[in-house]
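Protein chains in written order, with our numbering: chain A, 1 to 233; chain B, 234 to 466; chain C, 467 to 731. A quick write-up on the structure given underneath.
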Amino acid sequence: MDENEDHIQQGIAAMEADEIFARNMRVLEALLFAATSPMDLDDARPFLSDNADLAALVDALTKKYQNAGVNLVRRGDGYAFRTAEDLAFLLRREETERKPLGRSALEILAIVAYHQPVTRSEIEEVRGVATSKGSLDVLMEAGWVRMRGRRRTPGRPVTYGTTSEFLDHFGLENITDLPGLNELKGAGLLSGNLPPDFAVPSPNDGDLFDNEDPLDADDHGEDLLSELSEDDA
Amino acid sequence: MDENEDHIQQGIAAMEADEIFARNMRVLEALLFAATSPMDLDDARPFLSDNADLAALVDALTKKYQNAGVNLVRRGDGYAFRTAEDLAFLLRREETERKPLGRSALEILAIVAYHQPVTRSEIEEVRGVATSKGSLDVLMEAGWVRMRGRRRTPGRPVTYGTTSEFLDHFGLENITDLPGLNELKGAGLLSGNLPPDFAVPSPNDGDLFDNEDPLDADDHGEDLLSELSEDDA
Amino acid sequence: MANSGHQDDFIEDKHPPSAERGGVMYVDVDGYEGPLDLLLDLARKQKVDLVNISVLALAEQYLSFIDTLRERRIEIAADYLVMAAWLTFLKSRLMVPQDDDGDEPSGEEMAALLQFRLKRLEAMRDAAAKLINRPQLGKEIFASGSPEQVVTTKISEWEATYYDLLQAYSVQRERQIPAEYAPTTRTVWSLQDAEDILRRLIGEGADWVPLHVCLSEYLELPEERATALASSFTASLEMVRQGHIELRQNQAFAPLMMRRKKSDG
Numbered sequence: 001m002d003e004n005e006d007h008i009q010q011g012i013a014a015m016e017a018d019e020i021f022a023r024n025m026r027v028l029e030a031l032l033f034a035a036t037s038p039m040d041l042d043d044a045r046p047f048l049s050d051n052a053d054l055a056a057l058v059d060a061l062t063k064k065y066q067n068a069g070v071n072l073v074r075r076g077d078g079y080a081f082r083t084a085e086d087l088a089f090l091l092r093r094e095e096t097e098r099k100p101l102g103r104s105a106l107e108i109l110a111i112v113a114y115h116q117p118v119t120r121s122e123i124e125e126v127r128g129v130a131t132s133k134g135s136l137d138v139l140m141e142a143g144w145v146r147m148r149g150r151r152r153t154p155g156r157p158v159t160y161g162t163t164s165e166f167l168d169h170f171g172l173e174n175i176t177d178l179p180g181l182n183e184l185k186g187a188g189l190l191s192g193n194l195p196p197d198f199a200v201p202s203p204n205d206g207d208l209f210d211n212e213d214p215l216d217a218d219d220h221g222e223d224l225l226s227e228l229s230e231d232d233a
Numbered sequence: 234m235d236e237n238e239d240h241i242q243q244g245i246a247a248m249e250a251d252e253i254f255a256r257n258m259r260v261l262e263a264l265l266f267a268a269t270s271p272m273d274l275d276d277a278r279p280f281l282s283d284n285a286d287l288a289a290l291v292d293a294l295t296k297k298y299q300n301a302g303v304n305l306v307r308r309g310d311g312y313a314f315r316t317a318e319d320l321a322f323l324l325r326r327e328e329t330e331r332k333p334l335g336r337s338a339l340e341i342l343a344i345v346a347y348h349q350p351v352t353r354s355e356i357e358e359v360r361g362v363a364t365s366k367g368s369l370d371v372l373m374e375a376g377w378v379r380m381r382g383r384r385r386t387p388g389r390p391v392t393y394g395t396t397s398e399f400l401d402h403f404g405l406e407n408i409t410d411l412p413g414l415n416e417l418k419g420a421g422l423l424s425g426n427l428p429p430d431f432a433v434p435s436p437n438d439g440d441l442f443d444n445e446d447p448l449d450a451d452d453h454g455e456d457l458l459s460e461l462s463e464d465d466a
Numbered sequence: 467m468a469n470s471g472h473q474d475d476f477i478e479d480k481h482p483p484s485a486e487r488g489g490v491m492y493v494d495v496d497g498y499e500g501p502l503d504l505l506l507d508l509a510r511k512q513k514v515d516l517v518n519i520s521v522l523a524l525a526e527q528y529l530s531f532i533d534t535l536r537e538r539r540i541e542i543a544a545d546y547l548v549m550a551a552w553l554t555f556l557k558s559r560l561m562v563p564q565d566d567d568g569d570e571p572s573g574e575e576m577a578a579l580l581q582f583r584l585k586r587l588e589a590m591r592d593a594a595a596k597l598i599n600r601p602q603l604g605k606e607i608f609a610s611g612s613p614e615q616v617v618t619t620k621i622s623e624w625e626a627t628y629y630d631l632l633q634a635y636s637v638q639r640e641r642q643i644p645a646e647y648a649p650t651t652r653t654v655w656s657l658q659d660a661e662d663i664l665r666r667l668i669g670e671g672a673d674w675v676p677l678h679v680c681l682s683e684y685l686e687l688p689e690e691r692a693t694a695l696a697s698s699f700t701a702s703l704e705m706v707r708q709g710h711i712e713l714r715q716n717q718a719f720a721p722l723m724m725r726r727k728k729s730d731g
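Encoded structure:
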């Protein structure tokens with residue numbers, strides 16, 4: 001008798017757990033569908049059952065949409081539904097809102113992405129040419145590049161990095177998914193002026209480095225030294 | 234031999250048809266997801282295989298999302314993904330703001346409470362100042378004051394009274410629990426020096442009085458006479 | 467995603483047309499983004515991998531290009547001249563046999579550095595091309611086109627206490643009580659009034675008279691009793707001080723007797 005009842009109880013508990021999981025999945029599905037930009041899963045917590053297993057939910061949801069016309073994708077710290085990549089050709093439409101990036105802006109974007117955190121003078125070192133003020137502004141206006149902090153070196157130059165919108169726009173799960181990153185690292189081409197056999201840094205769009213200070217709230221990146229030199233010129 | 238081959242051919246054709254259908258479904262799914270407004274199915278035609286059975290596709294897609302957090306729904310002439318109705322609460326946030334009731338609103342409320350059924354001009358008579366419509370609106374929005382009916386006198390002014398929410402908020406069981414003249418005096422709220430004819434009415438928040446008419450269903454309390462006089466002013 | 471065709475388009479299409487006519491290279495220096503860009507373009511013309519490039523040949527091409535520009539009196543930005551000076555130095559290092567003092571970079575080291583910088587710039591251009599050739603959001607990949615907004619409704623919850631309500635009622639009802647009050651004038655005897663009255667009552671007689679008998683006419687009025695007693699007593703003390711009258715009391719609580727002072731003439 002007892003054993004039987006136990007089994008029944010376990011059965012009921014399992015059923016309930018299944019129902020709760022299914023409901024959580026629907027809630028997460030609805031929240032992710034309703035959002036345009038990637039959503040931090042923690043933001044869904046208030047709407048899920050207590051102690052919901054977020055990882056398991058995302059896993060199940062990702063699988064559910066694996067072969068659909070819409071996929072659940074990871075973008076940095078968040079998740080979002082996006083149309084399937086293999087339908088790209090079919091769905092392709094010329095973007096009208098954004099002006100295409102100029103050659104130099106795109107080059108700077110790539111340098112920021114692969115070398116971040118990077119200062120303006122380091123960008124200039126790679127390109128061998130002064131950076132016109134507009135180029136970085138365009139990238140920041142597009143929402144792809146941000147000021148991360150200030151390097152703890154003389155002059156305290158502003159450091160730049162990419163944003164989560166950058167990941168989202170170019171369909172990258174993480175900054176380490178940049179195309180060709182490993183080859184570049186292997187070839188020692190991300191190492192500044194270090195000889196190739198030194199430890200090669202990886203791009204990092206997250207936390208500040210040890211040699212970076214956070215920006216103050218009222219620090220908008222005006223760089224006294226560079227402003228002065230520009231005024232002089 | 235021939236028959237066998239026929240079967241194989243049919244099998245291949247069926248397989249291909251399935252694949253085409255599945256692909257069309259994915260494309261439609263992606264298009265509906267990305268559409269900025271409910272999509273006319275005909276707009277999907279250029280993206281689908283020739284002679285795709287739109288009705289069958291929509292049917293299959295509707296079924297697929299039937300129990301999901303998001304449903305495929307018809308909106309006007311088009312279709313769109315929308316949050317499942319039972320999850321609509323996910324998209325509604327409520328914020329309650331606590332504000333102290335203003336002095337004049339409080340005074341009007343008190344007069345309505347004691348003198349109900351009372352017209353606006355009677356309120357003004359007791360207060361000795363003009364009553365802005367806004368104050369009465371605030372009280373009605375708060376759910377404490379309601380329009381009871383119209384007084385059967387020239388101009389047919391609206392009569393106001395209190396609601397059961399009013400009783401709830403102030404912890405009264407009945408409107409007659411409001412303290413009378415002697416109790417107000419006893420509590421020190423009214424001074425001893427009152428003229429002999431000073432009276433505190435016994436309030437009534439129940440049925441219409443004999444000289445009150447019920448409000449018509451389409452009567453929202455607009456007061457013809459006072460509107461006119463306000464226009465003149 | 468990136469195929470080399472795309473990439474070349476993207477890199478090359480904004481470059482100025484450069485062509486060799488009659489052995490002379492015409493290049494618009496304004497079309498280059500700095501000396502490194504120019505060097506990279508020249509290096510590509512060697513049609514070998516950057517690893518196998520002849521740095522010496524590259525330096526010579528660069529210097530002769532700059533010379534051409536100078537001959538044609540084209541103004542050249544300082545960046546290009548700095549690079550020209552550096553390349554001249556590099557060239558001399560490469561051509562003159564090394565003295566092994568180790569302090570100065572050798573020609574080979576300088577050449578390797580140049581190669582590194584060219585390779586890195588090229589790598590970044592390739593990376594940029596690969597990036598821009600990825601399917602982009604809003605172009606090939608799409609987010610939900612009609613996201614459902616979270617609607618926040620603000621509910622005002624009014625606060626008022628029962629006491630507030632009753633007070634508001636009482637205050638305004640009282641405010642509206644018609645102000646038809648008759649001022650109740652309290653009679654108060656001033657000291658001067660009391661003195662005048664005492665003088666009159668005592669008259670010219672010099673007999674002892676009890677004070678309360680003098681005042682009996684006033685003491686019967688309840689509203690005047692207190693003030694009449696207090697003021698006349700105080701006035702009488704003053705009058706004693708001034709020497710107009712005399713006061714006498716036989717024992718505590720006995721009637722207070724007074725009379726005109728004899729000498730007061």
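All C-beta atoms, glycine included, are put in the ideal place defined by N, C-alpha and C. Computed from a prediction, not measured in an experiment: that's the story for all the values here.
7 Å Cβ cut-off: residues of chain B touching residue i
i, result
"A/A30", "G302, V303, T316, A317, L320, L323"
"C/S636", "L417, L422, L423"
One or two residues paired with residue i in a DSSP bridge
i, result
"A/W144", "DSSP lists no partner for A/W144."
"C/I621", "B/T329"
"A/F81", "A/L72"
"B/E445", "B/R384"
"A/Y160", "A/V118, A/M147"
"C/R726", "C/I711"
Amino acids of chain A, ordered along the chain, whose beta-carbon sits closer than 9 Å to that of residue i
i, result
"B/R307", "Within 9 Å Cβ-Cβ: nothing; B/R307 doesn't reach chain A, min ~17 Å."
"C/E499", "R103, S104, E107, R127, G128, V129"
"C/L502", "V126, R127, G128, V129"
Cross-chain neighbours of residue i in chain A, by beta carbon under 8 Å
i, result
"B/F254", "Neighbours of B/F254 on chain A: none; closest Cβ ~13 Å, over 8 Å."
"C/K585", "A187, L189"
"C/A525", "Within 8 Å Cβ-Cβ: nothing; C/A525 doesn't reach chain A, min ~15 Å."
"C/A509", "Residues of chain A passing the Cβ test: none, with the nearest at roughly 13 Å."
Within chain C, the residues that residue i reaches when beta carbons sit closer than 7 Å
i, result
"B/F431", "I643"
"A/A35", "P613"
Rounded C-alpha distance that separates residue i from residue j
i, j, result
"C/L580", "C/V521", "8 Å"
"C/A578", "C/F555", "14 Å"
"A/G221", "C/Y498", "29 Å"
"B/R193", "A/Q66", "In the structure as shown, chain B starts at 234 and stops at 466, and residue 193 of chain B therefore has no counterpart that could be examined."
"C/S733", "C/D673", "Outside the shown range of chain C, which is 467 to 731, sits residue 733 of chain C, and nothing can be said about it."
"B/A313", "A/A142", "29 Å"
"C/I607", "A/A88", "6 Å"
"A/S37", "C/R559", "56 Å"
"A/A22", "B/A293", "21 Å"
"C/Y546", "C/V562", "24 Å"
"B/R315", "A/L90", "24 Å"
"A/E124", "A/R103", "15 Å"
"C/D659", "B/F431", "41 Å"
"C/A543", "A/D219", "33 Å"
Listed by chain order, chain C residues near residue i by CB distance under 8 Å
i, result
"B/I356", "The contacting residues do not exist; B/I356 stays about 10 Å from chain C at best."
"A/A80", "A609"
"B/P436", "The contacting residues do not exist; B/P436 stays about 11 Å from chain C at best."
Proximal chain A residues relative to residue i, where beta-carbon distance stays under 7 Å
i, result
"B/V260", "G69, L87, L90"
9 Å Cβ cut-off: residues of chain B touching residue i
i, result
"C/Q633", "L339, A343, L422"
Any non-hydrogen atom of the ligand ZN within 6 Å of residue i CB
i, result
"A/A130", "For the ligand ZN, the structure offers nothing, since it holds no ligand at all."
Any C-beta of chain B within less than 9 Å: which residues of the stretch 158-170 of chain A qualify? none
Spell out a yes or no on whether the stretch 658-668 of chain C and the stretch 692-702 of chain C are touching, meaning 3 or more CB-CB pairs, one atom from each, closer than 8 Å. yes
Selection of the stretch 591-612 of chain C by Cβ proximity to chain B, strictly under 8 Å: F608, A609, S610, G611, S612
Identify each residue in the stretch 279-300 of chain B for which the Cβ-Cβ distance to at least one residue of chain C is less than 7 Å, and report them in chain order. none
Stretch-stretch touch, CB-based, cutoff 8 Å, three pairs: the stretch 601-611 of chain C with the stretch 376-383 of chain B: no
Inter-stretch contact (C-beta, 8 Å, three-pair minimum) for the stretch 241-255 of chain B and the stretch 158-166 of chain A: no
Identify each residue in the stretch 106-131 of chain A for which the Cβ-Cβ distance to at least one residue of chain C is less than 8 Å, and report them in chain order. L106, E107, L109, A110, I111, A113, Y114, V126, R127, G128, V129, A130
Check whether the stretch 623-642 of chain C and the stretch 399-412 of chain B are in contact - that is, three or more C-beta pairs closer than 8 Å. yes
Listed from N- to C-terminal order along the chain, which residues in the stretch 537-556 of chain C have their beta-carbon within a distance smaller than 7 Å of any beta-carbon of chain D? Absence of chain D from the displayed structure is noted, the protein chains being A, B and C.
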